[in-house]
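All letters in the sequence shown, in the order written, are residues 1325 to 1929 by my numbering. Every residue gets a Cβ at the ideal spot worked out from N, C-alpha and C, and that includes glycine.
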Amino acid sequence: MEDRISPYHINIWYVVLAVVAALLLHDGWLARRDVRTVPYSEFETLLEHGSLSEVDLQGDTTIRARLKKPAQGARYIETVKMDPTFAAKLQKAGVRYQAEPENTFFRNILLWTLPVLIMIGVWLFIAKRFSARLQGGVMAIGKSKAKIYVESDTKVKFSDVAGIDEAKAELQEIVDFLKNPNKFHRLGGRMPKGVLLVGPPGTGKTLIAKAVAGEAEVPFFSSNGAEFVEMFVGVGAARVRDLFEQAKRRAPCIIFIDELDALGRARLVAVGPGVNDEKEQTLNQLLAELDGFDSASGIILLAATNRPEIIDPALLRSGRFDRQVVIDRPDKAGRLAILELHSKKIKMAPHLDLSHVAALTPGLTGADLANIVNEAALIAVRRESDSVNEGDFTEAVERLTAGLEKKGRLISPFEKKIVAYHEIGHVIAAIATGNIEQIHKVSIIPRGVGAIGYTMQRPSEERFLMTDDELKKKMIVLLGGRAAEQLEFGHFSTGAADDIDKATDIAWNAVTKYGMSASVGNIVYDTRRPTFLGYEQTPFQTRTYSDETANKIDAAVADMVATAMQRASEILTKNKSTLEEAAKLLLKRETLTETDLKPFVAKIL
Ligand code: ADP
Ligand code: MG
Ligand code: ZN
């Protein structure tokens, strides 16, 4: 809106000029009238001599009097009033005295012009508002309020991001593409249009998105998903359109939408008519924009979220955000790299070993670690030291983790140990049941949202059919974690809840759907397992079988799970020494890859 100069702007000065001119004329006219200004002493004399016929008091100070006989070509005299006692004294002394009339010219100008100026202002304001409304009101709102930040040079490079090398490697391809879109185009390669960065808060998603733009040396358009959520239908959609329009003009470039979940939240069942209209429109506009451009145009859309599960599936379909890059909490090596990067900015004591700090901070993110470095520097300053030593770091870690521990963000050493044995339990069960090739990576750092620790199983091939033997083995692997915990610590922890849930699911389906239990037989009981809150999905389902059958099903399921659990326990008991050895290595390194696990395979009995 700023670029439009108001056509009324210049007129104000004409008005001011006119007013000034009028005042000048008025003064001149006064001067030409037959009024003579006289000293106050003369006025007093004339008064005493009875030469005045009428006296006018003008305001507080000016006296105008009519002369009985016009003298010196004037019928009136004008003078400025003085303090009477002072005047009397002067009179007695025979002095000629007078007061200067106060100059009211500028005050008059103000008095005359101010109201006029205010009125003009109000009128201009209204006129401006009105014309804006006429020229496409919604677009104007969309344009003026959307907080789209454009940075031609983000000044962030991949070297400013540490500890998340896998994500970097995945995004390198995007950088290459943006640097040279034609090369990719010529070979017929199709770039992903949208890449969704998924990971917990503070892991460096925003940072790495900027780094992609910085490396590729392209403009970076960024906005926050929440900026598009508006009260009025159509406003959010207009902003989305605006964002893409601006970006298209500067391709190749990157559009980054932070917190995509705010905008791309899965459509809910409407609570009332019109409740979701605005969100729907905004989301639809985003989908339309995504479909409307081709990666050949040189625009790459990046988005970040820490809640991928609530994002509307339509956004994740192929041709939209069809690539996801997971940005995890860093493991020990990653944390060390991040600490080293951030401590470049501070002056450190010689021989300071940051790996100790890294060892103290499992579960913390890049943002937490950046904070720790900063806090350590502050502590050193308070201590009036000229460099930061290890004690400062330890204190900083203690300070920051006290709060984080309560929120469950920092993993305590004991938890870490339980998780390590649990995860290795899965691995050993997998090796023993012949599923080793499926283990991709084991970690005790919380991944994504929720579960602590994870063993990433890679599906070796797309499976549509599984034999009952395979299902049983899968259950053994799932329960291996829990079996290892029991073997090592003599008790269970809540960390296995998800595993048990999955194992029970498999058993339930095997019995009621696949007819894999001899006692229940080959009959499909189309039913859903009772869950915590009634039944899954269909709350009003009625059971179509007898209590006796129900008992049989329950017994068969329980038996299947118990058998798998027993088998898992046997495997782990036999391999206790390997379990301990591997768990210790995992505790030390926090993540183990396929290669790290290779040496253990041969040892499994
Ligand atoms: P997110 O967007 O995932 O919530 P940010 O990118 O906003 O996290 O990270 C916040 C800050 O934390 C960054 O500006 C940076 O200083 C620091 N940081 C986070 N992750 C990293 C990392 N991997 N390497 C270096 N610094 C990091
Ligand atoms: Mg962010
Ligand atoms: Zn588990």
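Just to confirm, is the Cβ distance from ALA1821 to LEU1802 under 9 Å?
By one-based count along the sequence shown, residue 1821 stands at place 497. By one-based count along the sequence shown, residue 1802 stands at place 478. No.
Go ahead and pull the three-state DSSP assignment for VAL1595.
As a working mapping, residue 1595 is identified with position 271 in the sequence shown. Note on VAL1595: pLDDT 48, under 50, position unreliable in the model; the coordinate value appears next. Coil, per DSSP.
Just mark TRP1832 as buried or exposed, buried being the case when its beta carbon has 16 or more other beta carbons within 10 Å.
What you label residue 1832 is simply residue 508 of the sequence shown in a count that begins at 1. Per the 10 Å Cβ criterion, buried.
Spatial neighbours of GLU1664 within its chain, please: C-beta separation below 8 Å, excluding the five flanking residues on both sides.
On the sequence shown, position 340 is the one that residue 1664 refers to. Cβ neighbours of GLU1664 beyond the five flanking positions: ALA1486 and LEU1678.
When the Cα of ALA1661 is compared with those of ASP1484, LEU1435 and ALA1907, which residue comes out closest?
Along the sequence shown, read from residue 1 onward, the residue named residue 1661 stands at position 337. Ranking ASP1484, LEU1435 and ALA1907 by Cα distance to ALA1661 puts ASP1484 first.
Can you tell me which of the three DSSP states GLN1648 falls into?
Position 324 of the sequence shown, counting from 1, holds the residue named residue 1648. Reduced to three states, the DSSP call for GLN1648 is strand.
Classify ALA1389 as helix, strand or coil using the three-state DSSP reduction.
The count along the sequence shown starts at 1 and reaches residue 1389 at position 65. If DSSP states are grouped into helix, strand and coil, ALA1389 belongs with the strands.
N- and C-terminal bounds of the alpha helix (DSSP H) containing GLU1794
Within the sequence shown, the letter at position 470 stands for residue 1794. 1792-1813 is the span of the alpha helix (DSSP H), which, as asked, contains GLU1794.
Paired residues, beta bridge with ASN1548 - DSSP
Position 224 of the sequence shown, counted from the first residue, corresponds to residue 1548. Paired residue(s): ASP1582.
Exposure of MET1443, with buried meaning 16 or more beta-carbon neighbours within 10 Å
Position 119 of the sequence shown holds residue 1443. MET1443 is exposed by the Cβ-count criterion.
In angstroms with no decimal places, state the Cα-to-Cα distance between TYR1859 and GLY1749.
Mapped onto the sequence shown, residue 1859 falls at position 535. Mapped onto the sequence shown, residue 1749 falls at position 425. Bear in mind that the predicted position of TYR1859 carries a pLDDT of just 43, short of 50, making it too unreliable to give a figure here.
Taking DSSP as the reference, what is the three-state secondary structure of PRO1363?
Start at 1 with the first residue of the sequence shown, and residue 1363 comes out as number 39. In the structure shown, PRO1363 sits in coil (DSSP, three-state: anything other than H, G, I, E or B).
CA-to-CA distance, ALA1754 to PRO1525, given in whole angstroms:
The residue labelled residue 1525 in the question sits at position 201 within the sequence shown. The residue labelled residue 1754 in the question sits at position 430 within the sequence shown. Spanning the two alpha carbons is a distance of roughly 32 Å.
Assess, as a yes-or-no matter, whether the stretch 1529-1539 is touched by the stretch 1474-1482 under the definition of 3 or more beta carbon pairs within less than 8 Å.
yes
Below 8 Å, how does it come out for the stretch 1668-1678 and the stretch 1701-1719: are there three or more Cβ pairs, yes or no?
yes
Using a Cβ-Cβ cut-off of 8 Å (strictly less than) and excluding sequence neighbours within five positions of ALA1691, which residues of its own chain qualify?
The residue you call residue 1691 lines up with position 367 of the sequence shown. Correct list, in chain order: PRO1525, GLY1526, THR1527 and GLY1528.
Have a look at GLU1914, GLU1604 and SER1901 and flag the residue whose alpha-carbon is nearest the alpha-carbon of ALA1744.
On the sequence shown, position 420 is the one that residue 1744 refers to. Per the Cα distances, GLU1914.
Thinking C-beta only, is LEU1520 closer than 9 Å to PRO1439?
As a working mapping, residue 1439 is identified with position 115 in the sequence shown. As a working mapping, residue 1520 is identified with position 196 in the sequence shown. Cβ atoms of PRO1439 and LEU1520: not closer than 9 Å.
Alpha-carbon spacing of THR1855 relative to ALA1886, whole angstroms:
Working through the sequence shown from its first residue, we reach residue 1855 at position 531. Working through the sequence shown from its first residue, we reach residue 1886 at position 562. Note on THR1855: pLDDT 47, under 50, position unreliable in the model; no value is reported.
Under 5 Å, CB to nearest heavy atom of ligand 3: contacting residues
GLY1805 and ASP1823
Over what stretch of residues does the alpha helix (DSSP H) that includes GLN1890 continue unbroken?
Position 566 of the sequence shown, counting from 1, holds the residue named residue 1890. Unbroken alpha helix (DSSP H) run through GLN1890: 1871-1898.
Any heavy atom of ligand 1 closer than 8 Å to the Cβ of ALA1691?
The count along the sequence shown starts at 1 and reaches residue 1691 at position 367. Indeed, a heavy atom of ligand 1 lies less than 8 Å from the Cβ.
Answer with buried or exposed for ASP1716, where buried requires no fewer than 16 other C-beta atoms within 10 angstroms of its C-beta.
Within the sequence shown, residue 1716 is the residue found at index 392, counting from 1. It is buried - the Cβ of ASP1716 has at least 16 other Cβ atoms within 10 Å.
Does the contact criterion of 3 or more C-beta pairs under 8 Å hold for the stretch 1871-1891 versus the stretch 1904-1920?
no
Are the stretch 1388-1408 and the stretch 1335-1344 touching, with three or more C-beta to C-beta distances below 8 Å?
no
Report all residues from its chain with a CB closer than 6 Å to the CB of LEU1916; omit the five preceding and five following residues, and keep chain order.
Counting from one through the sequence shown, the residue named residue 1916 turns up at place 592. VAL1766 and LEU1910.
Between which two residues does the alpha helix (DSSP H) holding VAL1559 run?
As a working mapping, residue 1559 is identified with position 235 in the sequence shown. Here the alpha helix (DSSP H) through VAL1559 covers 1559-1572.
Please report the straight-line C-alpha distance between SER1817 and ASP1655, rounded to a whole angstrom.
Walking along the sequence shown from the start, residue 1817 turns up at place 493. Walking along the sequence shown from the start, residue 1655 turns up at place 331. Computed Cα separation, rounded: 23 Å.
Starting from the N-terminal end, write out each residue whose C-beta falls within a distance shorter than 6 Å of any non-hydrogen atom of ligand 2.
LYS1529, THR1530, ASP1582 and ALA1628
So what's MET1672 in DSSP terms, helix, strand or just coil?
Numbered from 1 along the sequence shown, position 348 holds the residue referred to as residue 1672. Three-state DSSP puts MET1672 in a strand.
Distance, Cα to Cα, LEU1724 vs ALA1535?
Start at 1 with the first residue of the sequence shown, and residue 1724 comes out as number 400. Start at 1 with the first residue of the sequence shown, and residue 1535 comes out as number 211. Approximately 27 Å, taken between the alpha carbons.
Determine, using beta carbons only, whether ARG1388 and GLN1382 come nearer to each other than 9 Å.
Position 64 of the sequence shown, counted from the first residue, corresponds to residue 1388. Position 58 of the sequence shown, counted from the first residue, corresponds to residue 1382. Contact: yes.
What are the boundary residues of the beta strand (DSSP E) that GLN1496 is part of?
Here the question's residue 1496 lines up with position 172 in the sequence shown. Looking at the DSSP string, GLN1496 is not in any beta strand (DSSP E); the run it does join, the alpha helix (DSSP H), is 1489-1503.
State buried or exposed for HIS1666, treating a residue as buried only when at least 16 other CB atoms are found within 10 Å of its CB.
Counting from one through the sequence shown, the residue named residue 1666 turns up at place 342. Buried, since its Cβ has 16 or more Cβ neighbours within 10 Å.
Which of the three DSSP states, helix, strand or coil, is assigned to HIS1509?
To locate residue 1509, count along the sequence shown from 1; it is residue 185. Note: HIS1509 maps to helix in three-state DSSP.
Check whether the Cβ atoms of ALA1682 and SER1621 sit closer than 9 Å, and answer yes or no.
Residue numbering aside, residue 1682 sits at position 358 when the sequence shown is read from its first letter. Residue numbering aside, residue 1621 sits at position 297 when the sequence shown is read from its first letter. Cβ distance not < 9 Å, so ALA1682 and SER1621 don't count as in contact.
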